[in-house]
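**Q** Structure provided below as structure tokens; questions to follow.
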Ligand code: SAH
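Quick look at the structure:
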């Protein structure tokens, strides 16, 4: 799986702005037991480079996407990271391998409960997972060095920009609800100004809740 991710990164290097990922990110991808975080009926496909169904109409992201988001958002030692869209807990586990503290929110109670239980079982004591609407972030633990949104939004939620540290990075798929989105990398400068880079087209399940609520 890690070799396939590395090949994918080489193929998309121009969009990513790099042709290799950090060794720490590749090592994290090699360590996290993805098969422990997917439903039993798709377990034999756990190490293919594909998204997989996890129930409740949701999916665990493709490993290549998890790897590039972790790399681009530059989560590292000493960092406090917020994830919006826990899903299976897989991206949270990868972030927990490279950063110090991970806070992750999932809007569907059953998925939040399952991910919390699975992350505990796997020994990820530096992840705090709970049910909640991530559109509004998690102000109690803010500010964050990095924020990773793993559901497609129609716009960047302003509370997430507010909860980003100066110097912090935010990665989020933004676009139309049912078509492809653009993966955006936002960086907050020391003076609070934000710059945005468009990385590549992606396809995520929609971000619900917040002001996107029907
Ligand atoms: N990061 C996940 C991918 C999950 S798919 C993984 O590694 O498995 C996106 C998830 O975002 C879904 O589980 C969906 O229920 C959740 N989601 C959608 N809108 C949300 C919101 N406003 N707050 C928190 N979670 C949300």
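Numbering (my numbering), first residue to last: 4 to 217.
Glycine included, each C-beta is placed from N, C-alpha and C at the ideal position.
List the residues that DSSP assigns as beta-bridge partners of residue 155.
**A** To locate residue 155, count along the chain shown from 1; it is residue 152. Paired residue(s): 209.
**Q** Which parts of the region 108 to 148 are runs of the alpha helix (DSSP H), unbroken and 4 residues or longer, counting only runs that do not cross its ends?
**A** Here the runs fully enclosed are 112 to 124.
**Q** Report the partner residues of residue 106 according to the DSSP bridge assignment.
**A** The residue given as residue 106 occupies position 103 in the chain shown. Answer by DSSP bridge pairing, in chain order: 85 and 131.
**Q** Sorry if obvious, but does the Cβ on residue 64 come closer than 7 Å to a heavy atom of the ligand SAH?
**A** Indexing the chain shown from 1 puts residue 64 at position 61. Yes; taking the cut-off as 7 Å, the Cβ of residue 64 has a heavy atom of the ligand SAH nearer than that.
**Q** On the DSSP bridge assignment, give the partners of residue 177 in chain order.
**A** Translated into positions along the chain shown, residue 177 becomes position 174. Looking at the DSSP assignment, residue 177 forms a beta bridge with 156 and 185.
**Q** Which residue's Cα is closest to the Cα of residue 140: 76, 86 and 5?
**A** The residue given as residue 140 occupies position 137 in the chain shown. Ranking the options by Cα distance to residue 140, first place goes to 86.
**Q** Return yes when at least one heavy atom of the ligand SAH lies under 7 Å from the C-beta of residue 140, else no.
**A** One-based indexing of the chain shown puts residue 140 at position 137. No - the ligand SAH has no heavy atom lying nearer than 7 Å to the Cβ of residue 140.
**Q** Roughly how many angstroms separate the alpha carbons of residue 49 and residue 38, rounded to a whole number?
**A** Numbered from 1 along the chain shown, position 46 holds the residue referred to as residue 49. Numbered from 1 along the chain shown, position 35 holds the residue referred to as residue 38. If I take the Cα positions, the gap works out to 5 Å.
**Q** Would residue 185 and residue 207 qualify as a contact pair, given that the criterion is a beta-carbon distance under 8 Å?
**A** The count along the chain shown starts at 1 and reaches residue 185 at position 182. The count along the chain shown starts at 1 and reaches residue 207 at position 204. Going by C-beta atoms, residue 185 is not nearer than 8 Å to residue 207.
**Q** So which of 188, 161, 210 and 174 has the shortest CA-CA distance to residue 182?
**A** By 1-based counting over the chain shown, the position of residue 182 is 179. Of the listed residues, the one whose Cα sits closest to residue 182 is 210.
**Q** Buried or exposed for residue 11, going by 16 or more other Cβ atoms inside 10 Å?
**A** Locating residue 11 in the chain shown gives position 8, counting from the first residue. Buried is the call here.
**Q** Distance check for residue 213 and residue 138, CA to CA, integer angstroms please.
**A** As a position in the chain shown, residue 138 is number 135, starting the count at 1. As a position in the chain shown, residue 213 is number 210, starting the count at 1. Rounded to the nearest angstrom, the two C-alpha atoms are 5 Å apart.
**Q** Should residue 119 go down as buried or exposed, given a rule of 16 or more other Cβ atoms within 10 Å for buried?
**A** Counting from 1 along the chain shown, the entry for residue 119 is found at position 116. The residue is buried, with at least 16 neighbouring Cβ atoms inside 10 Å.
**Q** Report yes or no: do the region 104 to 111 and the region 158 to 167 share at least 3 C-beta pairs separated by less than 8 Å?
**A** No, they do not touch.
**Q** Answer yes or no: the CB of residue 87 versus the heavy atoms of the ligand SAH, is any distance below 7 Å?
**A** As a working note, residue 87 is residue 84 in the chain shown. Residue 87: yes, Cβ under 7 Å from the ligand SAH.
**Q** Between residue 136 and the ligand SAH, is the CB less than 7 Å from at least one heavy atom?
**A** Walking along the chain shown from the start, residue 136 turns up at place 133. It does: the Cβ of residue 136 is within 7 Å (strictly closer) of some heavy atom of the ligand SAH.
**Q** Rounded to whole angstroms, what's the CA-CA distance from residue 23 to residue 204? Just pull it up for me.
**A** The sequence position of residue 23 within the chain shown is 20, counting from 1. The sequence position of residue 204 within the chain shown is 201, counting from 1. Their Cα atoms are separated by approximately 19 Å.
**Q** Is any heavy atom in the ligand SAH found nearer than 7 Å to the beta carbon of residue 10?
**A** The residue you call residue 10 lines up with position 7 of the chain shown. For the ligand SAH, not one heavy atom lies less than 7 Å from the Cβ of residue 10.
**Q** Counting only the same chain and skipping the five closest in sequence on each side, list residues whose C-beta sits under 8 Å from that of residue 62.
**A** As a position in the chain shown, residue 62 is number 59, starting the count at 1. Same-chain partners within the cutoff: 54, 55, 56, 90 and 208.
**Q** Are there any heavy atoms of the ligand SAH lying less than 7 Å away from the beta-carbon of residue 20, as far as the coordinates show?
**A** In the chain shown, the residue the question calls residue 20 occupies position 17. Checking every heavy atom of the ligand SAH against the Cβ of residue 20, none is found closer than 7 Å.
**Q** With a threshold of 7 Å (Cβ to nearest heavy atom), would residue 114 be considered close to the ligand SAH?
**A** Residue 114 sits at position 111 when you count from the first residue of the chain shown. Residue 114: yes, Cβ under 7 Å from the ligand SAH.
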